[in-house]
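In terms of my numbering, the sequence shown has 846 at position 37, counting the first letter as 1, and numbering is strictly consecutive. Where a beta carbon is used, it is the ideal one built from N, C-alpha and C, also for glycine. The structure appears right after this line, and notes come after that.
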Amino acid sequence: MARGTVVQKIIEAHFVEGSREPGKPVAIRIDQTLTQDATGTMAYLELEAMGVPKVKTELSVSYVDHNMMQNGPENRNDHLYLQSVAAAKGVRFSPPGNGICHQVHLERFGMPGRTLIGSDSHTPTGGGIGMLAIGAGGLDVALAMAGKPFRIPYPKVIGVKLTGKLAPWCAAKDVILKLLSILTTKGNVGSIVEYFGPGVATLTVPQRATITNMGAELGVTTSVFPSDESTRIFLKAQKREQDFVPLAADADAEYDQVIEIALDEIEPLAACPSSPDNIKTIRELAGKKVGQVLIGSCTNSSYRDLAMVAMTLKGRKVSESVTLSIAPGSRQVLEMLARNGMLADIIAAGARILETGCGPCIGQGQSPADDTITVRTFNRNFAGRTGTKGDQAYLVSPETAVAIALSGEFTDPRTTGIEYPHVVEPEVFEINDNMIQLPGGSGEIVRKRTIGAPPVNQPLPDELDGVVVIKVGDKITTDHIMPAGIHLKHRSNIPVYAKVVFECFNEPGKPTFAERAAAVRDAGKAGVIVGRDSYGQGSSREHAAICPMFLGVKVVAALAIERIHSANLVNFGIVPLFFANPADYDAIEESDSLVFHKLREQLKPGETVRGELTKADGTKKEILFRHRLSAEDIRIILAGGMLNL
Ligand code: MIC
Ligand code: SF4
């Protein structure tokens, strides 16, 4: 078992109760929370439903960065609700235009040694500054704001030892892509990645943050770097040196597993369609034509990244066969580029400048043409996430992206003949918090027509008469379950948003998933979803639990379910079960009946659950399920979800 690690030290300093045995739940005190608008409306509606007058955390910040297209009034209605509820509840508010939550939080609020939970799966970005920063569902974030501790499985710690130094044109992004090629997106649930070794000192905080950000794709609880001289320099440049504390693993620290990565052997890589762990070298892809290049997102839009892009573009021209669009991560980054002239170099080269925010990363505009390769500095390339069906999205570093933008095809940036720009990190960043709204004011909450209430579930029935509404395969992401893009604006309106659950699996001329599930519900039965490996990967969106719940789903049965999604299911009263015998996955088909007798009694920590499968032809089979529910989880599920408690 790991000892003497940074992870262990932060957990000890925040330990409330629970176990120190890997896999068993431990409750930790949460110092800071963050929310973004697409998950935040539900989180604050839930906080209101809990009757919490003021947040109890050291710091809570509400960001608007996802839903900024404002096609119709919905987005702005959300912003106004968020702004007013933040003021009333003691939460700081970062309005649209101020930047992506993770980038702004790193710049202005992150503190080494502190705990942070955020209603966004890329909250681990804060690990770059030495925080234990974890993504969670909105309800868990609301509970943390209410002063409740947060439960995680006591982690296994995967130590990643970094040696050497990155060569020119090889980037922090390539380091995390390399790690994804080793650990993949599956099978890491319950672990935390901790970086150590002499290579750590060669990376700046924004580079570390790129690595911890995309660590989310590993499916781990979070990733963390020590806090050292680089951290102090970054905080000083943000005029926050007082927030610095050093934090390092003991010299004789032990990890549960150690992976060594030699930074000097890292080369430019890409995650190929349509999974962040489908890794190839850019050398292998060289010459392939590209139609679109996008630079930005919470992974790669720091000052360093965009300054490097600007210096490479200076005096050159974007290839006529691509469009290059750039979304700076924060207003701080954009303002600095504007003041030092780099923005002009970017514009002169032919790039399209987008608003600071998530933008195309979550399918808000800039969908690629049919049959076109799109290359992005983002962290996710799940099928259809770009907004184009059948898309071919590749994920790369800004170094590789800018080389491709100039040539119009996959190009190893080391082969362009361009001298690698040496970006000098600013001694002092442009500090301008004038848009961060502090709590206070009249306390009046603005609630327009499109702001709904969080739906409430019924307690779990004892006889659960289930019907399999859908059976899906491996690696179903929350983007499959609850599409974002053009549907994102309905996040605060569950009856409308629920219509598109599993939209990508709907077939023309047949009833949609939503229609089938609602028919089962209206017949007084319970919906069952059957998944295979790694069900619920990706985002933290609790809508992937709330909307199925609204449609009457009571059970998700799979071979494996990812951490955040599983917690969201519990929070909304849906039972996450695992096939005890994986072959039973093959025995089940859509429309089969799956009945659980005395389910309330059957659900005990560590005990098997029996279900009775009846096929269309009347044949019956007993199916055994396992679960990993704690006594507390079971209490929540029996009540029909956390809000009922
Ligand atoms: C994402 O990157 O998928 C998102 C959009 O940021 C989500 C949150 C959401 O669905 O609102 C995430 O990563 O948690
Ligand atoms: Fe926004 Fe994309 Fe980051 Fe999610 S991954 S927070 S959509 S920039």
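Arg1041 Cβ short of 8 Å to the ligand SF4 heavy atom set: no
Please determine whether the Cβ atom of Cys1356 lies at a distance below 8 Å from any heavy atom of the ligand MIC. no
Taking Glu826 as part of the beta strand (DSSP E), name the residues at either end of that continuous run. Looking at the DSSP string, the run of the beta strand (DSSP E) that includes Glu826 is 824 to 827.
Identify every run of the alpha helix (DSSP H) within the segment 1294 to 1354, keeping only runs that are complete inside it and at least 4 residues long; order them along the chain. 1303 to 1306, 1322 to 1331
Using a threshold of 9 Å, state whether the C-beta atoms of Leu975 and Asp1073 are closer than that. Their beta carbons are under 9 Å apart, which means Leu975 touches Asp1073 by this criterion.
Can Cys910 and Tyr872 be called in contact, C-beta distance under 9 Å? yes
Selected residue, minimal CA-CA separation from Pro800, among Val1205, Leu1454, Gly1166: Lying before the first or after the last residue shown, residue 800 is absent from the chain, which here runs from 810 to 1454.
CB of Pro1320 within 9 Å of CB of Val1205, strictly: no
What residue does the beta strand (DSSP E) around Phe1381 start on, and which one ends it? Here Phe1381 belongs to no beta strand (DSSP E), and DSSP marks it neither H nor E.
Asn1188 to Asp1426, Cα distance in whole Å? 46 Å
In the structure shown, what three-state DSSP assignment does Lys1429 receive? strand
If distances are taken between C-alpha atoms only, which option among Pro1207, Thr1286, Thr1181 comes closest to Pro1137? With respect to the C-alpha of Pro1137, the residue from Pro1207, Thr1286, Thr1181 having the closest C-alpha is Pro1207.
Is the closest heavy atom of the ligand MIC to the C-beta of Asn1188 under 8 Å? yes
Indicate the three-state DSSP secondary structure (helix, strand or coil) for Pro962 in the structure shown. strand
As assigned by DSSP and simplified to three states, the class of Thr994: In the structure shown, Thr994 sits in coil (DSSP, three-state: anything other than H, G, I, E or B).
With DSSP as the reference, please indicate the residues paired to Gly968 in a beta bridge. According to DSSP, Gly968 bridges with Glu1003, Val1067.
Considering only C-alpha positions, which residue in the set Glu1312, Gly1333, Ile1260 is nearest to Val894? Ile1260
Quick check: Thr814 and Thr842, are their CB atoms within less than 9 Å of each other? no
Taking the C-alpha atoms as reference points, what is the distance between Gly1455 and Gln892? Given a span of 810 to 1454 for the chain in the structure shown, any question on residue 1455 remains unanswerable.
Three-state secondary structure (DSSP) at Lys1424? coil
Are His1289 and Phe1191 touching if we call contact CB-CB under 9 Å? With respect to Phe1191, His1289 sits close: the two C-beta atoms are nearer than 9 Å.
From Thr1040, Gly956, Thr1021, pick the residue whose C-alpha is nearest to that of Gly935; which is it? Among Thr1040, Gly956, Thr1021, the Cα nearest to that of Gly935 is on Thr1021.
Whole-angstrom distance between Thr1287 and Glu1421, CA atom to CA atom: 28 Å
For Val969, tell me which candidate among Gly1024, Gly1193, His1436 has the shortest Cα-Cα distance. Gly1024
For a quick check, are the C-beta atoms of Thr844 and Gly947 less than 9 Å apart? With respect to the 9 Å criterion, Thr844 and Gly947 are classified as neighbours on the basis of their beta carbons.
What is the DSSP secondary structure of Tyr1394, counted as helix, strand or coil? helix
Let me check one thing: in DSSP terms, what residues is Lys1045 bridge-paired to? Partner(s): none; Lys1045 has no beta bridge.
Would you tell me roughly how many angstroms separate the C-alpha atoms of Ile926 and Lys1424, rounded to the nearest one? 43 Å
Should the segment 1108 to 1128 be regarded as contacting the segment 1208 to 1222, the criterion being three or more beta carbon pairs within less than 8 Å? yes
With H, G and I counted as helix, E and B as strand and the rest as coil, what does DSSP make of Gln817? helix
Where the beta strand (DSSP E) through Leu1215 begins and ends: Careful: Leu1215 lies outside any beta strand (DSSP E), inside the alpha helix (DSSP H) at 1207 to 1216.
Here's a check: name, in chain order, each residue in its chain whose Cβ is nearer than 8 Å to the Cβ of Gly1217, leaving out the five neighbours to either side. Lys1098, Val1099, Ser1128, Glu1129, Ser1130, Val1131
Taking all protein chains shown into account, do 16 or more other C-beta atoms lie within 10 angstroms of the C-beta of Ser1400, making it buried, or fewer, making it exposed? Ser1400 is exposed by the Cβ-count criterion.
Complete alpha helix (DSSP H) runs within the segment 854 to 916 (minimum length 4 residues, chain order): Those alpha helix (DSSP H) runs which fall completely within the segment 854 to 916 and span 4+ residues are 883 to 898.
In the DSSP assignment, the beta strand (DSSP E) including Thr842 goes from what residue to what residue? 841 to 845
Whole-Å CB distance - Asn997 paired with Lys1298, under 8 Å assumed: Between Lys1298 and Asn997 the Cβ distance is about 33 Å, and since that is not below 8 Å, they are no contact.
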